[in-house]
Each structure stands twice: as C-alpha cells, then as structure tokens.
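K.L.:
Numbering (the working numbering), first residue to last: 24 to 375.
(1) Return the chain-ordered list of same chain residues with a C-beta closer than 6 Å to the C-beta of residue 72, the five sequence neighbours on each side being excluded.
(2) Could you pull the start and end residues of the alpha helix (DSSP H) that residue 246 belongs to?
(3) Would residue 286 pass as a contact of residue 333 if the rule is Cβ separation under 7 Å?
(4) Do residue 215 and residue 161 have their CB atoms nearer than 7 Å?
(5) So residue 138 and residue 181 are supposed to be a Cβ contact under 8 Å. How far apart are they, rounded?
(6) Check whether the Cβ atoms of residue 270 and residue 223 sit closer than 7 Å, and answer yes or no.
(7) By Cβ distance, which residues of its chain are closer than 8 Å to residue 96, with the 5 residues on each side in sequence left out?
(8) What is the residue span of the alpha helix (DSSP H) that residue 229 lies within?
(9) Look up residue 179 in the DSSP assignment and give the residues it is bridged to.
(10) Determine which residues share a DSSP beta bridge with residue 312 and list them.
(11) Starting from residue 155, trace the alpha helix (DSSP H) in both directions and tell me its first and last residue.
(12) Along the chain, where does the alpha helix (DSSP H) containing residue 328 start, and where does it finish?
(13) Compare the C-alpha of residue 118 against each of 79, 131, 125 and name the closest.
(14) Taking the alpha-carbon positions, what's the residue 225 to residue 199 distance?
(15) In this structure, does DSSP put residue 305 in helix, strand or coil?
(16) Across which residues does DSSP place residue 193 in a beta bridge pair?
(17) DSSP three-state call for residue 341: helix, strand or coil?
(18) Rounded to whole angstroms, what's the CA-CA distance from residue 66 to residue 106? Just pull it up for me.
(19) Under the rule that 16 or more other beta-carbon atoms within 10 Å means buried, what is residue 140, buried or exposed?
(20) Does DSSP put residue 107 in a helix, in a strand, or in coil?
(21) Kindly indicate which three-state DSSP category residue 443 falls into: helix, strand or coil?
(22) Taking all protein chains shown into account, decide if residue 291 is buried (16 or more other Cβ within 10 angstroms of its Cβ) or exposed.
(23) Can you tell me the Cβ-Cβ gap for residue 302 and residue 229, rounded? I've got them flagged as a contact below 8 Å.
(24) To which residues of the same chain is residue 63 closer than 8 Å at the C-beta, ignoring the five residues directly before and after it?
(25) Can you find the residues in the same chain that come closer than 6 Å, C-beta to C-beta, to residue 284, ignoring five residues on each side of it along the sequence?
(26) With 7 Å set as the bound, which would you pick, yes or no: does the beta-carbon of residue 161 sit closer than that to a beta-carbon of chain C?
(27) Quick check on the burial criterion: 16 or more other C-beta atoms within 10 angstroms. Buried or exposed for residue 355?
(28) Could you give the residue range of the beta strand (DSSP E) that holds residue 275?
(29) Provide the residue(s) that pair with residue 71 in DSSP beta bridges, ordered along the chain.
(30) Nearest-angstrom Cα distance between residue 134 and residue 152?
(31) Here's the rule I'm using: 16 or more other beta-carbon atoms within 10 Å means buried, otherwise exposed. How should residue 30 be labelled?
(32) Ordered along the chain, which non-local residues of its own chain (more than five positions away) have a Cβ less than 8 Å from that of residue 124?
So this is what it looks like as structure tokens:
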C-alpha cells in the first residue's frame with residue numbers, strides 16, 4: 024500500500040472520529056454542556072407557560088424564576104401572566120433544588136451542577152444547590168427555538184457542571200469610569216455565559232472609584248466625582264449574587280499608586296516633599312508606596328476593613344504587578360531596610 028493511500032486512510036479515520044465526537048451544531052449552547060442527548064419531540068412555549076418550584080426555595084430561587092419569565096417574554100414576545108403553577112404535574116417547567124447553599128456567601132467550591140430533562144411536554148431542571156438551577160436556566164433560554172408554528176424547547180437530556188471553578192471577567196472601571204447600568208448589563212451577559220466571578224478593578228493610577236469613610240481624599244481628589252457610593256457597591260454585589268456571580272475587588276499595591284500619590288503624597292517612596300499629578304492616561308508610573316512608613320499600613324488597614332465589609336467574598340485582589348522600582352532604588356532608607364532584613368532586593372517587598 025503506497026504512502027499516499029495510507030495517509031488518506033489515516034486522515035479519513037481521524038476526520039470521521041472527530042465528526043462523531045463533535046457536538047450537535049444545531050444547538051446554540053455556550054458553553055457546551057458535558058452531556059447532551061437529543062430526543063424526538065419538543066415542549067411548546069406559549070402564553071400558558073408555567074413554573075413550579077419544588078424542593079428548596081428562597082428569595083433568590085424565586086428571583087431566578089421571575090427573571091427567567093421576564094427574559095422568556097422578551098425573547099418570544101409571549102406574555103406569561105399566570106406563570107406560577109399550583110403543582111409540578113401542571114407546570115411546564117419544574118425547578119427542583121435538593122438543598123440550600125452550604126453558606127450564605129457563594130465560594131469557589133459552590134456546586135453549580137444540574138440536569139435538564141425535557142420530554143413528555145415538560146421541562147424538569149434538577150440541581151443540588153441553587154447555583155446549578157441558575158446555570159440550568161441559561162441553558163433552557165439558549166435552547167428556545169423559533170419555527171413557523173411558534174416557540175419550543177427540543178426534547179433533550181442535559182447533564183452539566185463547570186470545568187473550571189473560577190470563570191471570571193476583569194472589569195476596569197478605574198481607568199475609565201463605567202456607569203452603573205452598564206455594569207449591571209455586563210453582569211447579565213456574564214450570567215448568560217455562565218461565568219461566576221466579577222473581578223472589579225476599582226483602584227488604579229487613574230482613579231480610586233470606591234467611596235470610603237476614612238482617607239476620603241483617595242476618592243474625592245482622584246475621580247472628578249465619578250466614583251461608586253457604598254450603597255451602589257452593595258447593590259452591585261447583591262445583583263451579582265442573584266445571578267450566581269461573586270464580586271472580587273482589586274486594591275492595587277504597591278505600584279499603580281499614582282492616585283494614592285495624588286491624594287496622599289507623603290505615603291510614597293520619593294525623596295523630599297513631592298506632589299504628584301492626577302494621571303489621565305494609561306501607563307506604568309513612578310510612584311511607589313513606602314513600605315517603611317507606618318502610616319501606609321494604617322491607611323491600608325483602614326481601607327481593607329471598609330472593603331471587606333462591602334465585598335463579602337472570601338477573596339480580594341491586591342494587584343502586585345508592574346511596580347516601577349526606581350523610587351525604592353533611589354531611597355537610602357529603603358535600601359538600608361532591605362539589607363538589614365535580608366530581603367531579596369526590591370522584589371522582597373512585593374506581594375507577588
């Protein structure tokens with residue numbers, strides 16, 4: 024058998040294998056679930072569509088059902104005024120949640136698994152915890168099809184859980200302030216794609232966009248009035264929670280400190296009395312926090328106390344990237360501290 028024929032046979036085998044393993048491209052699902060089994064038939068979506076919540080229920084679960092109905096109405100144009108069924112046997116969609124969340128605050132180990140069973144005129148969404156139900160709702164909305172007759176969900180079985188526990192979007196509102204309604208729209212989009220971490224880059228050279236009760240010059244002097252109040256931040260955190268999204272803030276240090284330098288120049292490592300301009304362009308700038316100044320730790324401790332009260336997640340981000348070491352290298356007191364404490368040069372001060 025010649026080499027060309029062997030190559031063609033191998034290529035054909037690989038192609039047919041890949042085709043057999045490929046997901047059904049008629050299903051516009053993102054991300055594609057772990058297990059999908061298509062069946063014959065469909066469940067019709069009409070004005071009589073109804074939901075019954077079985078098992079664990081809560082305000083968040085009720086909000087998930089209501090949000091689903093609102094989106095279904097927008098997607099189809101069909102009003103579903105009486106969508107709450109009296110029993111599971113009467114419902115078009117049954118949301119069956121086995122247990123309450125393990126804790127009030129969603130964490131990295133939250134169970135987001137679910138199954139979806141669509142057959143015999145009914146959709147049954149099962150999940151161990153509410154987070155799985157939130158993800159399964161998105162799958163149902165993605166499955167809604169339109170044809171000449173109307174709207175329907177194909178008969179199908181889906182079994183799914185995320186491949187990655189941390190599926191995040193980094194959102195920079197420091198360099199460019201973004202209005203609240205846009206942030207909420209971003210969270211909606213994240214939920215549609217089943218993402219679960221909103222990394223809020225709220226602090227950088229160009230502005231500190233978080234209202235603080237102490238060290239108020241941090242936001243008063245660096246934002247031109249474009250910042251988020253504590254009530255607005257709480258609203259974003261609560262809104263994200265309803266979508267199964269954690270909010271992780273970033274407080275950048277020791278670099279990316281131009282805004283801190285503009286507000287409190289005495290906390291920087293530069294020699295002598297200096298003033299620092301408010302930065303309005305992108306870049307890596309010189310100001311670097313002074314790690315030998317006790318007042319710096321007083322300020323950071325105060326900021327962190329306020330941040331963790333606003334953001335209940337188990338994590339928050341402290342940056343640590345792109346420090347410009349010039350101020351540390353030029354400061355004799357810092358160089359002496361490095362030598363006396365056997366630090367690994369300037370990097371020994373950095374959190375990363």
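Each residue gets a CB set at the ideal place from its N, CA and C atoms; glycine is no exception.
P.N.:
Judging by the given coordinates:
(1) In the chain shown, counting from the first residue as 1, residue 72 sits at position 49. Excluding residues within five positions, the ones whose Cβ falls inside 6 Å are 103, 115.
(2) Within the chain shown, numbered from 1, the residue matching residue 246 stands at position 223. Premise fails: residue 246 is in no alpha helix (DSSP H) and is neither H nor E.
(3) For this step, residue 286 is matched to residue 263 along the chain shown. For this step, residue 333 is matched to residue 310 along the chain shown. 7 Å or more divides the Cβ of residue 286 from the Cβ of residue 333.
(4) In the chain shown, the residue the question calls residue 215 occupies position 192. In the chain shown, the residue the question calls residue 161 occupies position 138. Taking 7 Å as the Cβ cut-off, residue 215 and residue 161 qualify as a contacting pair.
(5) Start at 1 with the first residue of the chain shown, and residue 138 comes out as number 115. Start at 1 with the first residue of the chain shown, and residue 181 comes out as number 158. Right, their Cβ atoms sit about 7 Å apart.
(6) Stepping through the chain shown from its first residue, residue 270 is reached at position 247. Stepping through the chain shown from its first residue, residue 223 is reached at position 200. Yes, Cβ-Cβ distance for residue 270 and residue 223 is below 7 Å.
(7) Position 73 of the chain shown, counting from 1, holds the residue named residue 96. 102, 103, listed in sequence order.
(8) Residue numbering aside, residue 229 sits at position 206 when the chain shown is read from its first letter. No alpha helix (DSSP H) holds residue 229; DSSP gives it neither H nor E.
(9) What you label residue 179 is simply residue 156 of the chain shown in a count that begins at 1. BP columns for residue 179 point to 61, 141.
(10) Residue 312 sits at position 289 when you count from the first residue of the chain shown. The beta-bridge partner set that DSSP reports for residue 312 consists of 291.
(11) The residue labelled residue 155 in the question sits at position 132 within the chain shown. Unbroken alpha helix (DSSP H) run through residue 155: 153-166.
(12) Numbered from its first residue, the chain shown carries residue 328 at position 305. For residue 328, the enclosing alpha helix (DSSP H) covers residues 317-333.
(13) On the chain shown, position 95 is the one that residue 118 refers to. With distances taken between Cα atoms, residue 118 lies closest to 79.
(14) Locating residue 225 in the chain shown gives position 202, where the first residue counts as 1. Locating residue 199 in the chain shown gives position 176, where the first residue counts as 1. Residue 225 and residue 199: Cα-Cα distance of roughly 10 Å.
(15) On the chain shown, residue 305 is found 282 positions in, with the first residue counted as 1. Reduced to three states, the DSSP call for residue 305 is coil.
(16) Taking the first residue of the chain shown as 1, we reach residue 193 at position 170. Answer is 222.
(17) Along the chain shown, one-based indexing puts residue 341 at 318. Annotated three-state conformation of residue 341 is strand, per DSSP.
(18) Residue numbering aside, residue 66 sits at position 43 when the chain shown is read from its first letter. Residue numbering aside, residue 106 sits at position 83 when the chain shown is read from its first letter. One alpha carbon belongs to residue 66, the other to residue 106, and they sit about 16 Å apart.
(19) Locating residue 140 in the chain shown gives position 117, counting from the first residue. Within 10 angstroms of the beta-carbon of residue 140 lie 16 or more other beta-carbons, which makes it buried.
(20) Numbered from 1 along the chain shown, position 84 holds the residue referred to as residue 107. Note: residue 107 maps to strand in three-state DSSP.
(21) Nothing can be reported for residue 443: it is not among the residues displayed for the chain, which extend from 24 to 375.
(22) As a working note, residue 291 is residue 268 in the chain shown. By the 10 Å Cβ count, residue 291 comes out buried.
(23) For this step, residue 302 is matched to residue 279 along the chain shown. For this step, residue 229 is matched to residue 206 along the chain shown. Going by Cβ atoms, the distance from residue 302 to residue 229 rounds to 5 Å, so yes, they are a contact pair.
(24) By 1-based counting over the chain shown, the position of residue 63 is 40. For residue 63, where only same-chain residues beyond five positions count, the Cβ hits under 8 Å are 178.
(25) Counting from 1 along the chain shown, the entry for residue 284 is found at position 261. Within the same chain, residue 284 has close Cβ partners 291, 299, 310.
(26) Chain labels in this structure do not include chain C; a single protein chain is all it has.
(27) Start at 1 with the first residue of the chain shown, and residue 355 comes out as number 332. Residue 355 is exposed by the Cβ-count criterion.
(28) If you number the chain shown from 1, residue 275 lands on position 252. Segment 269-276, the beta strand (DSSP E) holding residue 275.
(29) For the purposes of this step, residue 71 is identified with residue 48 of the chain shown, where counting begins at 1. In the DSSP assignment, residue 71 forms no beta bridge with any residue.
(30) Locating residue 134 in the chain shown gives position 111, counting from the first residue. Locating residue 152 in the chain shown gives position 129, counting from the first residue. Straight-line Cα distance between these residues: approximately 6 Å.
(31) For the purposes of this step, residue 30 is taken as residue 7 along the chain shown, with counting starting at 1. In this prediction, residue 30 has a pLDDT of 43, which is less than 50 and means its spatial position is unreliable; nothing more can be read from the coordinates.
(32) If you number the chain shown from 1, residue 124 lands on position 101. So the list reads 133, 152, 153, 154, once near-sequence residues are dropped.
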